[in-house]
Amino acid sequence: MAEFREYSAYAVLWLISMILTRACLKLLRPSARRPPSPLPLPVIGHLHLLAPIPHQALAKLSLRHGPLMHIYLGNVPCLVASSPEIAKEFLRTHEGTFSDRPQTFATDYLTYGSQDFSFAPYGPYWKFMKKLCVSQLLGGQTLDLLQPVRRHEIRHLIEMLAKSASAGKSVDISCELMRMANNMISRMIMSQRCSEDENEAGEVRKLVHDVAELTGKFNLSDYIWFCKNLDLQGFAKRLKEVRDRFDRMMEKIIDEHLNDRKQGSGVKDLLDILLEIAEDGTSEMSLTRENIKAFILDLFAAGSDTSALTIEWALAELINHPHILQKAVEEIESVVGGDRLVEESDIPNLPYLQAIVKETLRLHPTGPMIVRESSKECSVGGYKIPARTRLFVNIWAIGRDSRHWENALEFRPERFVENEIDVRGQYFHMLPFGSGRRGCPGTSLALQVVQAALAALIQCFEWKIESVDMEEGPGLTLPRAHPLVCVPVARINSFPFFDRRQE
Ligand code: HEM
Numbered sequence: 024m025a026e027f028r029e030y031s032a033y034a035v036l037w038l039i040s041m042i043l044t045r046a047c048l049k050l051l052r053p054s055a056r057r058p059p060s061p062l063p064l065p066v067i068g069h070l071h072l073l074a075p076i077p078h079q080a081l082a083k084l085s086l087r088h089g090p091l092m093h094i095y096l097g098n099v100p101c102l103v104a105s106s107p108e109i110a111k112e113f114l115r116t117h118e119g120t121f122s123d124r125p126q127t128f129a130t131d132y133l134t135y136g137s138q139d140f141s142f143a144p145y146g147p148y149w150k151f152m153k154k155l156c157v158s159q160l161l162g163g164q165t166l167d168l169l170q171p172v173r174r175h176e177i178r179h180l181i182e183m184l185a186k187s188a189s190a191g192k193s194v195d196i197s198c199e200l201m202r203m204a205n206n207m208i209s210r211m212i213m214s215q216r217c218s219e220d221e222n223e224a225g226e227v228r229k230l231v232h233d234v235a236e237l238t239g240k241f242n243l244s245d246y247i248w249f250c251k252n253l254d255l256q257g258f259a260k261r262l263k264e265v266r267d268r269f270d271r272m273m274e275k276i277i278d279e280h281l282n283d284r285k286q287g288s289g290v291k292d293l294l295d296i297l298l299e300i301a302e303d304g305t306s307e308m309s310l311t312r313e314n315i316k317a318f319i320l321d322l323f324a325a326g327s328d329t330s331a332l333t334i335e336w337a338l339a340e341l342i343n344h345p346h347i348l349q350k351a352v353e354e355i356e357s358v359v360g361g362d363r364l365v366e367e368s369d370i371p372n373l374p375y376l377q378a379i380v381k382e383t384l385r386l387h388p389t390g391p392m393i394v395r396e397s398s399k400e401c402s403v404g405g406y407k408i409p410a411r412t413r414l415f416v417n418i419w420a421i422g423r424d425s426r427h428w429e430n431a432l433e434f435r436p437e438r439f440v441e442n443e444i445d446v447r448g449q450y451f452h453m454l455p456f457g458s459g460r461r462g463c464p465g466t467s468l469a470l471q472v473v474q475a476a477l478a479a480l481i482q483c484f485e486w487k488i489e490s491v492d493m494e495e496g497p498g499l500t501l502p503r504a505h506p507l508v509c510v511p512v513a514r515i516n517s518f519p520f521f522d523r524r525q526e
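Going by the numbering used here, the first residue of the sequence shown is number 24, and it counts up by one from there.
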């Protein structure tokens, strides 16, 4: 009897161990086919690990878990790529699979149901808009046509700073750069400055600020399945209010443009070009009012803060590296002299200035993570990646990777003089504008604005401040934690080049 009991106990133990082994194997099997992952929490997955600044937190995690990580944001499966090799695998080898952008409740609502360009699924409409961007809207000819607008806004900034310099008044440089970039983009889009708060464009700027806030905020219903239909944070109400305001504004501006066009005024801004395409019966696709409004919101959201913040980071680095600033001053003096303000057309002759901007974009890419989504299942590095997996390419981490950059955290523009690395997505260890078909269509415009504005700031002011901190704040476009505030000191006393007849 005792023997029988012993046998039965062994049999039960064996059975339990078999069940446990099978269960463990079952648990292990899917994870063995997925990239490494930190320990998730029930319901929220890895969301708690992303604070306070997601690209920094993910860079730290990738040091422990490797350059390809698998995480869950709530119940949304995501991959994080943190090396040039893995980035290349996704953005080049599997480009066709990772050419969509994820939809959130906010982006879907604000873009009239993805009727824009930035969030449109990769398909015929996106391809049509991409062609328009390259050939017309953001192409060389249009940029040349709108060059006086950019020139005027840079002069306006310099004049304003010169006035503060002569009055010994301190200026919030961050705020002024943001104002310049917004005015520039607003005038290029619809011929109105947006710092004059009484007009529509002033209201558009406020709206764009609200849009950035809403799209940057974490919405529970996007990530936690049982919150999907619960608007616990009151997002839906705020989104509706913001989009209604934007819609009313844009309808008015579009009507005014249509009216001007009836009166025979020619094409003077991007909205005119868009309206012309919308009216063209032979166009391969028709543009609706929703498409136009959503595209304009894209341009404001993607094009203004990114450029202003890049100039601000560059200036902060130069303040902290006076010998680099001095080299840049000497280069501009030798090429431009002191009788006229540096122009966009001088940039090809200013290789050190170009290197400063590249080095700034390496350490401070103002789109720190490329965000895409897979449209179908694929296999990367031996791992099976399901359709609708979200991808984050951490270009902030890649730009600071010591395996690819000597003294990676040092600001040393010379590395780009010695080595002509392009920033347009061919070199996967330097991706400030993304890569491939979904790469940034505003790269040329951004480089013109950033380089010309920075050159003018270097040419006209001393920037002799003790040092500035380089802490990052929260936000989608890599803002500084503390704004750059200082009393500008004029380098050229009389600013002889401010001759109004040149405008
Ligand atoms: C320094 C300034 C800028 C930086 C660092 C920047 C960076 C980026 C990055 C990283 C992406 C994602 C690329 C990818 O997925 O591969 C992007 C997309 C985009 N950018 Fe920029 N950008 C800047 C300026 C601009 C400007 C001036 C405009 C236009 C006015 C613009 C318009 C866009 C648009 C429309 C997209 C979405 C493209 C698509 O989904 O196909 N950007 N940008």
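Yeah, the Cβ is synthetic: ideal placement off N, Cα and C, and Gly gets one too.
Note that the coordinates shown come from a computational prediction; the quantities given were computed from them, not determined experimentally.
**Study point:** Cross-strand partners of Gly68 (DSSP beta bridge)
**Key:** By one-based count along the sequence shown, residue 68 stands at place 45. BP columns for Gly68 point to Leu64 and Leu96.
Exercise for review: Would you check if there are 3 or more beta carbon pairs closer than 8 Å linking the region 72-80 to the region 99-111?
Suggested key: no
Practice item. Determine the contact status of Arg216 and Ala475, defining contact as a CB-CB distance below 8 Å. Key: Taking the first residue of the sequence shown as 1, we reach residue 216 at position 193. Taking the first residue of the sequence shown as 1, we reach residue 475 at position 452. Their beta carbons are not under 8 Å apart, which means Arg216 does not touch Ala475 by this criterion.
Review point. Between the C-alpha atoms of Ser214 and Asp292, what's the straight-line distance to the nearest angstrom?
Key: Residue mapping note: residue 214 aligns to position 191 of the sequence shown, counting from 1. Residue mapping note: residue 292 aligns to position 269 of the sequence shown, counting from 1. Those two C-alpha atoms are separated by around 6 Å.
Practice item. Compute the beta-carbon to beta-carbon distance between Val231 and Phe323, rounded to the nearest angstrom, for a pair I have assumed lies under 8 Å. Key: Here residue 231 refers to the residue found at position 208 of the sequence shown. Here residue 323 refers to the residue found at position 300 of the sequence shown. About 4 Å; that satisfies the 8 Å criterion.
Practice item. Look at the alpha carbon of Phe434 and the alpha carbon of Ile370, and state the distance between them as a whole number of angstroms. Key: For this step, residue 434 is matched to residue 411 along the sequence shown. For this step, residue 370 is matched to residue 347 along the sequence shown. For Phe434 and Ile370, the distance between alpha carbons rounds to 21 Å.
Review point. Should the region 114-132 be regarded as contacting the region 301-308, the criterion being three or more beta carbon pairs within less than 8 Å?
Key: no
**Study point:** Nearest-angstrom Cα separation, counted from Glu400 out to Trp419
**Key:** Looking up residue 419 in the sequence shown gives position 396. Looking up residue 400 in the sequence shown gives position 377. Taking the straight line from one Cα to the other gives about 27 Å.
Review point. How far does the beta strand (DSSP E) with Arg413 in it reach, from first residue to last?
Key: Here the question's residue 413 lines up with position 390 in the sequence shown. Looking at the DSSP string, the run of the beta strand (DSSP E) that includes Arg413 is Arg413 to Asn417.
Exercise for review: With Glu396 as the anchor, note down where its beta strand (DSSP E) starts and where it stops.
Suggested key: In the sequence shown, counting from the first residue as 1, residue 396 sits at position 373. It spans Met392 to Glu396 - the beta strand (DSSP E) in which Glu396 sits, taken as one unbroken run.
Point to revise | Reference Leu386, options Glu495, Asp362 and Leu373, closest by Cα | key: Your numbering for residue 386 matches position 363 in the sequence shown. For Leu386, the nearest C-alpha among the options comes from Glu495.
**Study point:** Sub-8 Å separation of Ile355 and Ala110 beta-carbons
**Key:** As a working mapping, residue 355 is identified with position 332 in the sequence shown. As a working mapping, residue 110 is identified with position 87 in the sequence shown. No.
Check your understanding: Of the residues Ala469, Ile208, Val66 and Ala431, which one's Cα is nearest the Cα of Gly390?
Key -> One-based indexing of the sequence shown puts residue 390 at position 367. It is Ala469 whose Cα lies nearest to the Cα of Gly390.
Check your understanding: What distance in whole Å lies between the Cβ atoms of Leu320 and Leu298, which are believed to be in contact at a cut-off of 8 Å?
Key -> To locate residue 298, count along the sequence shown from 1; it is residue 275. To locate residue 320, count along the sequence shown from 1; it is residue 297. Not really, about 16 Å apart at Cβ, beyond 8 Å.
Review point. Would you say Ile296 and Leu507 are within 8 Å of each other, going by their C-beta atoms?
Key: Numbered from its first residue, the sequence shown carries residue 296 at position 273. Numbered from its first residue, the sequence shown carries residue 507 at position 484. No. Outside cutoff.
Review point. Around the Cβ of Asp139, are there at least 16 other Cβ atoms within 10 angstroms (buried) or fewer (exposed)?
Key: To locate residue 139, count along the sequence shown from 1; it is residue 116. Under this definition Asp139 is a buried residue.
Check your understanding: Is there contact between the region 198-212 and the region 484-499, where contact requires at least three CB pairs shorter than 8 Å?
Key -> no
Check your understanding: Along the chain, which unbroken stretches of the beta strand (DSSP E) at least 3 residues long are found entirely within the region 287-355?
Key -> none
Review point. Does the beta-carbon of Arg426 have 16 or more other beta-carbons within 10 angstroms, so that it is buried, or is it exposed?
Key: Counted from its first residue, the sequence shown places residue 426 at position 403. With fewer than 16 other Cβ atoms within 10 Å, it is exposed.
Exercise for review: Give me whichever residues DSSP pairs with Leu102 in a beta bridge.
Suggested key: The count along the sequence shown starts at 1 and reaches residue 102 at position 79. Answer by DSSP bridge pairing, in chain order: His93 and Leu414.
Exercise for review: Please state if the CB of Val473 and the CB of Ser368 are separated by a distance shorter than 8 Å.
Suggested key: For the purposes of this step, residue 368 is taken as residue 345 along the sequence shown, with counting starting at 1. For the purposes of this step, residue 473 is taken as residue 450 along the sequence shown, with counting starting at 1. No, they are not a contact pair.
Practice item. Would you mind stating whether Ala190 and Ala513 have Cβ atoms separated by less than 8 Å? Key: Residue 190 sits at position 167 when you count from the first residue of the sequence shown. Residue 513 sits at position 490 when you count from the first residue of the sequence shown. No.
Practice item. Go through the region 421-453 residue by residue and report every complete run of the alpha helix (DSSP H) that reaches 4 residues or more, in order. Key: 437-441
**Study point:** Where Ala46 sits in the DSSP three-state scheme
**Key:** For the purposes of this step, residue 46 is identified with residue 23 of the sequence shown, where counting begins at 1. Here the model assigns Ala46 a pLDDT of 44, short of 50, so the residue's position is not dependable, and the following value carries that caveat. Helix, per DSSP.
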